[in-house]
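**Q**
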Amino acid sequence: MYQINEFNEKAALDNALADKVAALLSQAIETKGKASLAVSGGSTPKGFFKALSQKTLPWKKVTITLADERWVNIDDDASNTKLVHEHLLQNNASEAKFFHLKQGEALTDETLTDLNLAAKSSLLPLDVLILGMGEDGHTASLFPCSDEIQTGLAQDNPNALLKVQPKTAPHQRISFTFSSLIKSEAIFLHIAGAGKKTVLNKALGKQDILEMPIRAFLQHPQINTQVFWAE
86 MYQINEFNEK AALDNALADK VAALLSQAIE TKGKASLAVS GGSTPKGFFK
136 ALSQKTLPWK KVTITLADER WVNIDDDASN TKLVHEHLLQ NNASEAKFFH
186 LKQGEALTDE TLTDLNLAAK SSLLPLDVLI LGMGEDGHTA SLFPCSDEIQ
236 TGLAQDNPNA LLKVQPKTAP HQRISFTFSS LIKSEAIFLH IAGAGKKTVL
286 NKALGKQDIL EMPIRAFLQH PQINTQVFWA E
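Under this note's numbering, read the sequence shown as residues 86 to 316, first letter to last.
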């Protein structure tokens, strides 16, 4: 299930989404004393990151992580970790904790096992999840072209994280699995531009989740994915 929220300007979307996420994080902190937020990379969320970073929250009680990460050095321009540190972990949000998905030089089975244990014990289930969407309908690093896509989308997958090697995009990835992401208290899809609206409409038109993994979130009967889109 989904609900589409449309905005004429990207700045209006950024501010509205920041207000919504800040309220949800505050509510989680009031309820259980802490909150968790997973965000996505790319250029689209930069304005949202800036707006959210300026919100007045008990940020020391918030843990931020990524829905997925490229296995590159954190000073690489392709690093989502770098993006988050430069645009979100600023201003008031500089006090938030950050859960690193990229740890160590190689994404070994041992590293993946350790990260799975750490995510399950200290982070999951997420309070707020912000997804992005690629032109091919991938979200997080659940790529339709990858050999790992069936495992990544399996609802009974016991693992929180998996490694992914896309065939149509560079870099090995680490990504949260669909089975772990759907347990999030609140799920948002943040997209912008006419091209992404076309992709969204295509995703809503059919049901094959292996063809367009974002459909798994948009068309699941027990998930309410809030779509935030601006021109």
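Beta carbons: idealized from backbone N, C-alpha and C, even for Gly. Just so you know, these numbers come straight off a predicted model, no measurement behind them.
So Pro306 and Met86 are supposed to be a Cβ contact under 8 Å. How far apart are they, rounded?
**A** Reading the sequence shown from its first residue, position 221 is the one you call residue 306. Reading the sequence shown from its first residue, position 1 is the one you call residue 86. About 6 Å separates the two Cβ atoms, so the contact holds.
**Q** Helix or strand or just coil, what does DSSP make of Trp156?
**A** Indexing the sequence shown from 1 puts residue 156 at position 71. DSSP places Trp156 in coil when its eight states are reduced to three.
**Q** Have a look at Asp241 and Leu211 and give me their C-alpha separation to the nearest angstrom.
**A** Counted from its first residue, the sequence shown places residue 241 at position 156. Counted from its first residue, the sequence shown places residue 211 at position 126. About 18 Å.
**Q** Mapping the DSSP letters down to three states, classify Asn90 as helix, strand or coil.
**A** Translated into the one-based positions of the sequence shown, residue 90 becomes position 5. In this structure, Asn90 counts as strand in the three-state DSSP scheme.
**Q** Using only CA atoms, which one of Val147, Glu195, Asn100 lies nearest to Gln112?
**A** Position 27 of the sequence shown, counted from the first residue, corresponds to residue 112. Of the candidates Val147, Glu195, Asn100, the one whose C-alpha sits nearest the C-alpha of Gln112 is Val147.
**Q** To the nearest angstrom, how far is it from the Cα of Ala178 to the Cα of Glu270?
**A** Stepping through the sequence shown from its first residue, residue 178 is reached at position 93. Stepping through the sequence shown from its first residue, residue 270 is reached at position 185. Spanning the two alpha carbons is a distance of roughly 21 Å.
**Q** So, with DSSP's three-state summary, where would you put Leu227?
**A** Taking the sequence shown and counting its residues from 1, one reaches residue 227 at position 142. Correct three-state label for Leu227: strand.
**Q** Can you tell me the Cα-Cα spacing of Lys167 and Asp160, whole angstroms?
**A** Taking the sequence shown and counting its residues from 1, the one referred to as residue 167 is at position 82. Taking the sequence shown and counting its residues from 1, the one referred to as residue 160 is at position 75. Near 6 Å, if we compare the C-alpha coordinates of Asp160 and Lys167.
**Q** Which same chain residues end up closer than 7 Å to Val284 when comparing Cβ atoms and leaving out the 5 residues on each side of it in sequence?
**A** Taking the sequence shown and counting its residues from 1, one reaches residue 284 at position 199. Hits under 7 Å: Met218, Glu220, Gly222.
**Q** Roughly how many angstroms separate the alpha carbons of Gly278 and Lys131, rounded to a whole number?
**A** Within the sequence shown, numbered from 1, the residue matching residue 278 stands at position 193. Within the sequence shown, numbered from 1, the residue matching residue 131 stands at position 46. In a straight line, the C-alpha of Gly278 is about 15 Å away from that of Lys131.
**Q** Distance, Cα to Cα, Ala76 vs Pro255?
**A** Residue coverage of the chain in this structure runs from 86 to 316, which leaves residue 76 outside it and unanswerable.
**Q** Examine the Cβ distances between the segment 187-199 and the segment 115-128 and report whether three or more of them are shorter than 8 Å.
**A** With the cut-off at 8 Å, the segment 187-199 and the segment 115-128 do not touch.
**Q** Between the C-alpha atoms of Cys230 and Gln175, what's the straight-line distance to the nearest angstrom?
**A** For this step, residue 230 is matched to residue 145 along the sequence shown. For this step, residue 175 is matched to residue 90 along the sequence shown. Their Cα atoms are separated by approximately 35 Å.
**Q** Relative to the C-alpha of Asp153, which candidate in Leu227, Leu209, Glu190, Trp314 has its C-alpha closest?
**A** For the purposes of this step, residue 153 is taken as the residue at position 68 of the sequence shown. Minimum Cα distance to Asp153 is reached at Leu227.
**Q** Checking 8 Å against the spacing of the C-beta atoms, do Arg300 and Trp156 come in under that value?
**A** One-based indexing of the sequence shown puts residue 300 at position 215. One-based indexing of the sequence shown puts residue 156 at position 71. Not a contact, by the Cβ cut-off of 8 Å.
**Q** So what's Ile267 in DSSP terms, helix, strand or just coil?
**A** Residue mapping note: residue 267 aligns to position 182 of the sequence shown, counting from 1. In this structure, Ile267 counts as coil in the three-state DSSP scheme.
**Q** Would you kindly work out how many angstroms separate the C-alpha atoms of Thr253 and Thr116, rounded to a whole number?
**A** The residue you call residue 253 lines up with position 168 of the sequence shown. The residue you call residue 116 lines up with position 31 of the sequence shown. Whole-angstrom Cα-Cα distance: 42 Å.
**Q** For Ile89, I'd like the list of residues in its chain whose CB is within less than 7 Å of its CB, leaving aside the five on either flank, ordered along the chain.
**A** Position 4 of the sequence shown, counted from the first residue, corresponds to residue 89. The residues are Val312, Trp314.
**Q** Expressed to the nearest angstrom, what Euclidean distance is found between the alpha-carbon atoms of Phe261 and Ala136?
**A** As a first step, residue 261 must be located in the sequence shown, where it is residue number 176. As a first step, residue 136 must be located in the sequence shown, where it is residue number 51. Cα to Cα, the separation comes out at about 25 Å.
**Q** Considering only the beta carbon of each residue, do Leu186 and Leu209 sit closer than 8 Å?
**A** For the purposes of this step, residue 186 is taken as the residue at position 101 of the sequence shown. For the purposes of this step, residue 209 is taken as the residue at position 124 of the sequence shown. Cβ distance not < 8 Å, so Leu186 and Leu209 don't count as in contact.
**Q** At which residue ranges does the segment 181-228 contain complete beta strand (DSSP E) runs of 3 or more residues, listed in the order of the chain?
**A** If we require 3 residues or more, the beta strand (DSSP E) runs fully inside the segment 181-228 come out as 213-216.
**Q** Specify, as a first and last residue, the run of the beta strand (DSSP E) that Lys248 falls within.
**A** Translated into positions along the sequence shown, residue 248 becomes position 163. From DSSP, the beta strand (DSSP E) with Lys248 extends over 246-249.
**Q** Distance, Cα to Cα, Leu246 vs Lys140?
**A** As a first step, residue 246 is located in the sequence shown; it is residue number 161 there, counting from the start. As a first step, residue 140 is located in the sequence shown; it is residue number 55 there, counting from the start. If you take the alpha carbons of Leu246 and Lys140, they lie about 30 Å apart.
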